[in-house]
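Asker: Pasting in a structure now, in structure tokens, and then I'll have a few things to ask.
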Amino acid sequence: MLIVKTGTASTALDDANGDFEHWFARGLGRQVKVCTVYENEALPAPHETDGVVVTGSAAMVSHREPWAERTAEWLRMAVEAGVPVLGICFGHQLLAHALGGLVGPNPRGREIGTVTVALADGAAADPLFGGLPARVDLHATHLESVLSLPPGAELLASSDLDPHHAFRVPGRPAWGLQFHPEFSAAVTRGFIEARRDDLRAEGLDPDRLLTGVRETPWGNAILARFTQLVDHVTARVV
Numbered sequence: 000m001l002i003v004k005t006g007t008a009s010t011a012l013d014d015a016n017g018d019f020e021h022w023f024a025r026g027l028g029r030q031v032k033v034c035t036v037y038e039n040e041a042l043p044a045p046h047e048t049d050g051v052v053v054t055g056s057a058a059m060v061s062h063r064e065p066w067a068e069r070t071a072e073w074l075r076m077a078v079e080a081g082v083p084v085l086g087i088c089f090g091h092q093l094l095a096h097a098l099g100g101l102v103g104p105n106p107r108g109r110e111i112g113t114v115t116v117a118l119a120d121g122a123a124a125d126p127l128f129g130g131l132p133a134r135v136d137l138h139a140t141h142l143e144s145v146l147s148l149p150p151g152a153e154l155l156a157s158s159d160l161d162p163h164h165a166f167r168v169p170g171r172p173a174w175g176l177q178f179h180p181e182f183s184a185a186v187t188r189g190f191i192e193a194r195r196d197d198l199r200a201e202g203l204d205p206d207r208l209l210t211g212v213r214e215t216p217w218g219n220a221i222l223a224r225f226t227q228l229v230d231h232v233t234a235r236v237v
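Next comes the structure, spelled out in structure tokens:
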């Protein structure tokens, strides 16, 4: 499994908590290879990987940084090749951008903490979301959002602050998730603590947000299901 690393969490958290690739490796239950694209590391050819996870980042898709634009083009090719893709937060936004969606600052403001995500009607038949409750608690932290989904994309989930929390590319094993399925409650609290001053400046109450953080099993359940989907696609190709 390839982790396309688009940034680091270590600037916000104690290094003892690890970083994106460590949390994903645990949730996916697989050994992973990491490509640090934000440091201009070259990506392999899409067909050389069984599945792809694109991480979160402090970068902004709307800034159109050269490394991000190159990664977006690579993602478009990976989707067209039928490679399973899971974009998370920045990765969700980058995938949407790569496929013709619109990304920019969330007009509803920052979303951070444990949030309730409502599944769309079509999610019941989705390979990644099918069988989950209609409303699930998940962890999130973001300033930008997918403002318009890519043409033809299927909406799978929304929250009070973001109507496009998850989507799927029809006919392809490719999903974008605004929430962070790899986060634990401890990691989420770390992000809130690291942003106390910014949160107060934005009129948010960090202590209230911390109180609302709770453990949830649904993130790991989604990651485990993605691993199963990758294994299924790989077996079918073989």
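Residue 189 in numbering that gives the first Met the number 0 is what sits at position 190 of the sequence shown, and the numbering runs on without skipping anything.
Note that CB positions come from ideal geometry on N, CA and C, so glycine has one too.
Here the structure is a predicted model, which means the values were calculated and not measured.
#1: Val-135 and Trp-217: beta carbons closer than 8 Å?
#2: Could you have a look at Ala-67 and say whether DSSP puts it in helix, strand or coil?
#3: Looking at Ser-56: is its Cβ nearer than 8 Å to the Cβ of Phe-23?
#4: Verify whether the separation of the beta carbon atoms of Leu-27 and Val-53 is less than 8 Å.
#5: Take Leu-208 and list the residues in its own chain whose beta-carbon comes closer than 8 Å to its own, dropping the five residues that flank it on each side.
#6: State the CB to CB distance for the pair His-141 and Leu-154, rounded to an integer number of angstroms; the pair is presumed to be in contact (CB under 8 Å).
#7: Bridge partners for Leu-176 per DSSP, in chain order?
#8: Suppose the cutoff is 7 Å on Cβ atoms and the five residues either side in sequence are ignored; what does the same chain contact list for Ala-77 look like?
#9: Considering only the alpha carbon of each residue, which of Asn-16, Pro-65, Ala-41 and Gly-17 lies closest to Leu-1?
#10: Hey, how far is the Cα of Val-237 from the Cα of Val-229?
#11: Determine the extent of the beta strand (DSSP E) in which Gly-189 is found, giving its start and end residues.
#12: Can Val-102 and Ser-61 be called in contact, C-beta distance under 8 Å?
#13: Looking at Gln-92 and Val-145, is the spacing between their C-beta atoms short of 8 Å?
#14: Does DSSP put Leu-137 in a helix, in a strand, or in coil?
#15: Glu-181 and Leu-222: beta carbons closer than 8 Å?
#16: Report back the beta-carbon spacing between Trp-174 and Leu-127 to the nearest angstrom; my notes put them in contact at under 8 Å.
#17: Compare the beta carbon distance of Leu-148 and Gly-100 with 8 Å and say whether it is the shorter of the two.
#18: Kindly give me the distance between the Cβ atoms of Val-31 and Glu-20, rounded to whole angstroms, as I take these residues to be in contact under 8 Å.
#19: Checking the sheet assignment: what are the DSSP bridge partners for Ile-221?
#20: My output table needs one value for Leu-74: the three-state DSSP class, helix, strand or coil.
#21: Rounded to the nearest angstrom, how far is the Cβ of Leu-160 from that of Asn-105, given a contact under 8 Å?
#22: For the beta strand (DSSP E) that contains Thr-210, what are its first and last residues?
Answerer: Reading off the structure:
#1: yes
#2: helix
#3: no
#4: no
#5: Ile-111, Gly-112, Ile-191 and Leu-198
#6: Incorrect: roughly 17 Å between the Cβ atoms, too far for contact.
#7: Ile-87 and Ala-165
#8: Pro-45, Val-51 and Val-84
#9: Ala-41
#10: For Val-237, the predicted model reports a pLDDT of 49, less than 50, meaning its position is unreliable; a value from the coordinates is still stated below. Cα to Cα, the separation comes out at about 12 Å.
#11: Note, Gly-189: premise wrong, no beta strand (DSSP E); alpha helix (DSSP H) at 184-193.
#12: yes
#13: yes
#14: strand
#15: yes
#16: 6 Å
#17: yes
#18: 6 Å
#19: Per DSSP, none; premise fails for Ile-221.
#20: helix
#21: 7 Å
#22: Counting along the chain, Thr-210 falls outside any beta strand (DSSP E), though it belongs to the alpha helix (DSSP H) covering 205-211.
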